[in-house]
Amino acid sequence: MGIILWIIFGALVGWIASLIMKTDAEQGALLNIIVGVVGAVIGGWLMSVVGESGVGGFNLYSFLVALLGACVLIAIVRALRR
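Residue numbers (the numbering used here): 206 to 287.
Structure representation (structure tokens):
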């Protein structure tokens, strides 16, 4: 994916993950993008550990993998803050 698609994809995933994890009020647009992109990397790594493919494009499977990774990232950050 190109850099522009990564930014759009990351923003969308980060925003949805922040809504699911109820951290939307704490995060701005830039943090949503960062959470989404890093979440896609984490989700891809988690799926490769399980034996599946990671994020491979702008599709529903990649969105769900990235969403899983972003939610894991937010949960880890929450745990470290406490």
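Built from N, CA and C at the ideal position, the CB exists for glycine as well.
- In terms of CA proximity to S267, S253 leads the group I279, S253, A280.
- The straight-line gap separating the alpha-carbon atoms of G248 and C276 is approximately 9 Å.
- In the DSSP assignment, M252 falls within the alpha helix (DSSP H) that extends over 234–255.
- Assignment of F263 by DSSP, reduced to helix, strand and coil, places it in the coil class.
- Linking R287 to L236 through their CA atoms gives a straight-line distance of about 20 Å.
- DSSP places R287 outside both helix and strand once states are collapsed to three, so it counts as coil.
- Between F263 and L224, the CB-CB gap reaches or exceeds 7 Å.
- Residues S223 of the same chain have their beta carbon placed closer than 6 Å to that of D229, with the five preceding and five following residues left out of the count.
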